[in-house]
Each structure stands twice: as C-alpha cells, then as structure tokens.
Amino acid sequence: DIVMTQSPDSLAVSLGERATINCKSSQSVLYSSKNKNYLAWYQQKPGQPPKLLIYSASTRESGVPDRFSGSGSGTDFTLTISSLQAEDVAVYYCHQYYSTPKTFGQGTKVEIK
Amino acid sequence: QVQLQQSGPGLVKPSQTLSLTCAISGDSVSSNTAAWNWIRQSPSRGLEWLGRTYYRSKWYNDYAVSVKSRITINPDTSKNQFSLQLKSVTPEDTAVYYCARDEVAGTRDWFDPWGQGTLVTVSS
C-alpha cells in the first residue's frame, strides 16, 4: 500500500496570510505514460464529507477559489492557500489514486491564529 | 450531476451485521467507467477505503485486506444503488461510513462525489 504522510498535523495562520501543507507518498504517484500525478487534495469541514479541491496534483476543481493551489511531482506535493479566509478553517487531506488500495494522508487541521 | 444518498441504521450490536445502502442519481451503477466505493472515517484509522463494485461486461469487487473476510458490496441495478454489508462487527468498526464514486483507469479516478456520511456506532 502507498502510505501518505502529511505535515504538519496542524497549523494556525493569520487571516490573509499563506498556509502551506505538505504531503509525501511512500512511492511515486506519477503515471509516466500520461505524465500526470495521481494525487488529489480534499477539504473537510465538521459534519461534512470531504470536498474535492485539487486533482492531478495541480488542477483546481471547478468552483474552487483560486487562492487554493497544488504543486509537486513524484512523491512530494504541496497545497497552498495563498490568503487564508475564515471559511478555509477545515481539515485538509491528500489522496493518492495511483494504485488500489487508494489511500489518504492523516489530515492537516488549519485554524486561524 | 452525480449525487449519492446514503441510508441505514446508526446503531449496530457487536457480532451483528452492519448494512448500509447508497442510492445513485445522475449516473448508473452499471456504468462502464464508474466504480462505487465504501470508505469509512474514524479518529483511530483516519480515512480508510473498504471496497468497491464496478461493471465491465461483468461485475467485479475489490476489498481492503483489513476487512476482506467480513465485507460484501453488492450492486442493485433495479434500484440503481449499491450496498455495504460488514459482518461480525466490533466497537472498532464504529466510524462514519461514506459511499463515493471513482473511476477505474478513467478520466476521474479520484473519489468524487461522496455521500453525506452515516455515523455507525457498534454498541450493545
């Protein structure tokens, strides 16, 4: 199984400041023949299912604000919130869909400082 | 727009069978691109994929090793839904259970959308 490890487990950021979450996979999730990283990011608020933010490591899902961006390739990935808003308080998960079983990181809790 | 609506009991006694259903709208359980999954979430195990069913000229199932001996996922084409059965539950099976769509070697292989979630508590 591919193990996904996020850092940090939690972070507190001032409104309007940048939040950065890292995700490392235990093996590459780059699908070479398609030149795509099989890595997604989700946002989860209390009492709700995870909501898709980013797929293919850097493609924003339709309707997701452009303050959310994803980067990275192979085994190392980053989710950046460029200017934190109050509604961004949530837990964020990375997810690899390169191989079955599809797995998730442990989550990073983002709070307001 | 695909939507998933879950139903089933929120309390199950130890050693009994957990049963949940996920009704699909906007897609077909018999789709040749989609797969239909169950995922659970608990503080101790995080987000854990349990298994899936999908149709590619015939029905296939994949299950997580951790629950393989206890789990069954079945499609119901007449109602356009699929179900989860988890036998011999223990308190460790207490979690929020989600159904979710993905694809197998398709264009949207990640989990999206998700059902609303069902908190299942295993307790006598």
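As you go down the protein sequences, you meet chains A and B in turn.
Using the numbering used here, the letters of the first sequence map in sequence onto residues -14 to 98.
Using the numbering used here, the letters of the second sequence map in sequence onto residues 1345 to 1468.
Just so it is clear, CB atoms sit at the ideal spot from N, CA and C, and this is done for glycine as well.
In terms of Cα proximity to B/Arg1400, the closest of B/Arg1389, B/Thr1438, B/Thr1377 is B/Thr1377. Non-local C-beta neighbours of B/Gly1370 in its own chain, meaning closer than 8 angstroms and more than five positions away in sequence, comprise Gln1345, Val1346, Gln1347, ordered along the chain. Counting along the chain, the unbroken beta strand (DSSP E) around A/Val(-2) starts and ends at -5 to -2.
Distances from the CA of A/Gln12 to each of A/Tyr83, A/Lys30, A/Lys36 were compared; the closest alpha carbon is that of A/Tyr83. In terms of beta-carbon proximity, A/Gly92 lines the interface with chain B, with at least one pair separated by less than 8 angstroms. Residue range 1403 to 1407 is occupied by the beta strand (DSSP E) that includes B/Asn1405. When secondary structure is reduced to three states using DSSP, B/Val1346 falls in the coil class, being assigned neither helix nor strand. Around the CB of B/Asp1456, 16 or more other CB atoms lie within 10 Å, so the residue is classed as buried. The straight-line gap separating the alpha-carbon atoms of B/Gly1395 and B/Ile1383 is approximately 7 angstroms.
In the three-state scheme derived from DSSP, where H, G and I count as helix and E and B as strand, B/Pro1435 is classed as helix. Any Cβ of chain B closer than 8 angstroms to the Cβ of A/Ala75 would place that residue at the interface, and such an atom is absent.
Interface annotation, B/Gly1459: in contact with chain A, CB-CB separation under 8 angstroms.
Cα atoms of A/Thr65 and B/Arg1452: separation of roughly 22 angstroms, rounded to the nearest angstrom. Taking A/Val14 as reference, the option from A/Gly59, A/Gln28, A/Tyr77, A/Glu2 with the minimal CA-CA separation is A/Gly59.
With 16 or more other Cβ atoms from the protein chains shown falling within 10 Å of its own Cβ, B/Arg1445 counts as buried.
Interface flag for A/Ala25 against chain B is set, since a Cβ pair is found closer than 8 angstroms.
Scanning A/Leu0, A/Asn22, A/Pro35, A/Gly48 for the CA closest to the CA of A/Ala42 turns up A/Asn22.
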